[in-house]
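S.K.: Dropping the structure in here first, questions after.
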């Protein structure tokens, strides 16, 4: 899969998460955390690596923001590169989902 296909697939998944939220009655913060935490992008190493690579090429600003947030969320503990990619994928997915929920007025 090319990086653009990966990027578009991830965007589609985020849009689907937003659509599933509408009318669910769930708290936006809890929903964003749960979805990002259980997303295939943040669970599976290969998906996480693919997403980080795609973001390097197609949305560097979002990746830079995730890298800046990394130590605030996860601290400075050592972990494998695979785990780091999964954590970055979580941060990317959470931020995209939170931004989309905020845009629709759900994240207040």
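In the working numbering, the protein residues as written are 5 to 112. The beta carbon of each residue, even a glycine, is placed where N, CA and C say it ideally should be. These figures come from a predicted structure and were not determined experimentally.
What residue from 77, 56, 69 and 99 has the CA that sits closest to residue 90's CA?
M.R.: Position 86 of the chain shown, counted from the start, is the residue given in the question as residue 90. Of the candidates 77, 56, 69 and 99, the one whose C-alpha sits nearest the C-alpha of residue 90 is 56.
S.K.: Are residue 67 and residue 85 close, meaning C-beta to C-beta below 8 Å?
M.R.: Along the chain shown, read from residue 1 onward, the residue named residue 67 stands at position 63. Along the chain shown, read from residue 1 onward, the residue named residue 85 stands at position 81. For residue 67 and residue 85, no; Cβs fall outside 8 Å.
S.K.: Taking only runs that begin and end inside the stretch 22-74, name each unbroken beta strand (DSSP E) of 3 or more residues, in chain order.
M.R.: Uninterrupted beta strand (DSSP E) stretches at least 3 residues long and entirely within the stretch 22-74 do not occur.
S.K.: For residue 79 and residue 29, what's the separation of their Cα atoms in angstroms?
M.R.: Locating residue 79 in the chain shown gives position 75, where the first residue counts as 1. Locating residue 29 in the chain shown gives position 25, where the first residue counts as 1. Whole-angstrom Cα-Cα distance: 32 Å.
S.K.: Tell me whether residue 83 sits in a helix, a strand or coil according to DSSP, three-state version.
M.R.: Translated into the one-based positions of the chain shown, residue 83 becomes position 79. In this structure, residue 83 counts as coil in the three-state DSSP scheme.
S.K.: DSSP three-state call for residue 109: helix, strand or coil?
M.R.: To locate residue 109, count along the chain shown from 1; it is residue 105. For residue 109, the three-state secondary structure derived from DSSP is coil.
S.K.: Is residue 16 helix, strand or coil when you go by DSSP?
M.R.: Your numbering for residue 16 matches position 12 in the chain shown. Three-state DSSP puts residue 16 in a helix.
S.K.: Could you check if residue 46 is buried or exposed, using at least 16 other CB atoms within 10 Å of its CB as the buried criterion?
M.R.: Start at 1 with the first residue of the chain shown, and residue 46 comes out as number 42. Residue 46 comes out buried.
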